Amino acid sequence: MSSRRKKLCLVACKVLPFIASLGAVPAAAQERAPLILAAASLQESMTAAADAWARRGHVRPVISFAASSALARQVQAGGKADLFASADEEWMDVLERDGLLAARTRSAFLRNRLVVIAPAGQGGHVTTRTLGRTLSAGPLAMADTDSVPAGKYGKAALERLGAWSMVAPHVVRAENVRAALALVERGAAPYGIVYATDARAAPRVRVAGMFPAASHPPITYPLARLKSSTNRQAEGFRRFLLSAEGKAIFRRYGFSTQ
Numbered sequence: 000m001s002s003r004r005k006k007l008c009l010v011a012c013k014v015l016p017f018i019a020s021l022g023a024v025p026a027a028a029q030e031r032a033p034l035i036l037a038a039a040s041l042q043e044s045m046t047a048a049a050d051a052w053a054r055r056g057h058v059r060p061v062i063s064f065a066a067s068s069a070l071a072r073q074v075q076a077g078g079k080a081d082l083f084a085s086a087d088e089e090w091m092d093v094l095e096r097d098g099l100l101a102a103r104t105r106s107a108f109l110r111n112r113l114v115v116i117a118p119a120g121q122g123g124h125v126t127t128r129t130l131g132r133t134l135s136a137g138p139l140a141m142a143d144t145d146s147v148p149a150g151k152y153g154k155a156a157l158e159r160l161g162a163w164s165m166v167a168p169h170v171v172r173a174e175n176v177r178a179a180l181a182l183v184e185r186g187a188a189p190y191g192i193v194y195a196t197d198a199r200a201a202p203r204v205r206v207a208g209m210f211p212a213a214s215h216p217p218i219t220y221p222l223a224r225l226k227s228s229t230n231r232q233a234e235g236f237r238r239f240l241l242s243a244e245g246k247a248i249f250r251r252y253g254f255s256t257q
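So in numbering that gives the first Met the number 0, spot 95 of the sequence shown is number 94, and the numbers just go up one at a time.
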């Protein structure tokens with residue numbers, strides 16, 4: 000064999016296995032990741048669920064966290080995504096009325112509680128009797144009370160307990176519940192109203208009081224696949240979230256499941 004042919008053979012022996020290996024890329028790596036729109040309060044729990052799904056050999060979902068109102072408006076405006084997990088039923092109702100949900104994929108998912116938080120080093124406890132007087136003494140951090148679920152729940156509770164008129168002039172409205180949480184963490188507000196799961200995820204705040212469940216509409220999180228979704232893994236991930244294994248992940252982060 001000539002030296003030229005030997006060189007060609009050596010090159011082929013190196014290149015052919017490499018080309019063959021390109022066809023051995025796992026199927027999951029070739030799939031497009033499903034895009035999940037999730038309420039801001041789901042940050043830690045939905046991230047953990049996505050990690051668990053990836054450990055099963057699936058492509059890891061991409062998650063966009065924001066206020067449910069902002070995410071729903073994004074879908075209304077034609078934004079492409081696969082699943083929507085809302086922090087209230089009303090924004091899911093809006094998308095359903097607009098015909099933007101895949102048929103028979105809307106499901107009851109999670110429940111939460113509403114609490115008053117304060118910086119971890121600040122003493123005192125807030126009760127229904129002292130609510131108005133205490134929360135009106137300084138800035139009160141809340142998610143937007145007109146559109147964001149956490150803010151709407153908080154306003155409803157304060158109205159029911161007769162404290163809204165005292166508190167309203169002192170409310171600092173944040174774009175979502177995690178932004179409200181951050182204001183208290185930074186000391187920009189002495190109190191805030193967030194979900195119990197948010198307080199649990201933030202070591203620099205403490206729960207200063209809990210709202211009675213009957214003081215506001217039930218805090219429920221519906222889940223649905225969007226009608227525009229074409230991702231092959233989206234439905235599988237939706238079913239995983241609703242499975243016993245999936246719900247157990249969310250319970251670890253303080254949610255109750257439906």
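In this text, a Cβ means the ideal position worked out from N, Cα and C, and glycines have one as well. None of the values given here were measured: they were computed from a predicted structure.
Would you mind giving the Cβ-Cβ distance between residue i and residue j, rounded to the nearest angstrom? I have them listed as a contact below 8 angstroms.
i, j, result
"S214", "V166", "Contact doesn't hold; Cβ gap of about 14 angstroms is too wide."
"G150", "T144", "4 angstroms"
"P202", "A119", "7 angstroms"
"A49", "I62", "6 angstroms"
"I192", "G245", "Not really, about 28 angstroms apart at Cβ, beyond 8 angstroms."
"M141", "R172", "6 angstroms"
"L113", "P33", "With 8 angstroms as the limit, L113 and P33 do not qualify as a contact, their Cβ atoms being about 30 angstroms apart."
"V204", "E184", "6 angstroms"
"R237", "T104", "7 angstroms"
Here's a check: name, in chain order, each residue in its chain whose Cβ is nearer than 6 angstroms to the Cβ of residue i, leaving out the five neighbours to either side.
i, result
"E95", "none"
"L70", "L36"
"R199", "G253"
"A162", "L130 and G131"
"P148", "S67, A86 and D87"
What does a CB cutoff of less than 7 angstroms around residue i pick up in its chain, not counting 5 residues either side in sequence?
i, result
"A243", "none"
"E30", "V58, R231 and Q232"
"A207", "V115, I116, A117, G123, H124, V125 and Y190"
"E234", "R224"
"S146", "S68"
"D97", "Q75"
Leaving out five residues on either side along the sequence, give the residues of the same chain with a beta carbon under 8 angstroms from the beta carbon of residue i.
i, result
"S255", "L109, R110 and N111"
"L99", "V74, Q75, L225, K226 and S227"
"R251", "S44 and A47"
"L241", "S106, F108 and L222"
Need the endpoints of the beta strand (DSSP E) that residue i sits in, please.
i, result
"V115", "L113 to P118"
"I62", "V61 to A65"
"P221", "T219 to R224"
"F83", "L82 to A84"
"G191", "Y190 to Y194"
"F254", "Per DSSP, F254 belongs to no beta strand (DSSP E) and is neither H nor E."
"S106", "S106 to R110"
"A38", "L34 to A38"
"A140", "L139 to A142"
Going by DSSP, what residue range makes up the alpha helix (DSSP H) through residue i?
i, result
"G208", "Careful: G208 lies outside any alpha helix (DSSP H), inside the beta strand (DSSP E) at V204 to M209."
"L130", "L130 to L134"
"L240", "A233 to L241"
"L94", "E88 to R96"
"T343", "Since the first residue of the chain shown is 0 and the last is 257, residue 343 is not available in this structure."
Spell out whether any CB of chain D is found under 8 angstroms from the CB atom of residue i.
i, result
"A179", "Annotation note: the requested chain D is absent from the structure, which comprises a single protein chain."
field: the region 120-136 contacting the region 147-161, beta-carbon criterion three pairs below 8 angstroms
entry: yes
- prompt: Counting Cβ pairs closer than 8 angstroms, one from the region 216-234 and one from the region 84-98, do we hit at least three?
  reply: yes
Touch test, the region 38-52 against the region 163-183, Cβ-Cβ under 8 angstroms, three pairs minimum: Touching, per the Cβ criterion.
message: My parser needs the beta strand (DSSP E) runs of 3 or more residues fully inside the region 160-184; what are they?
response: Segments of the beta strand (DSSP E) lying fully in the region 160-184: 170-173.
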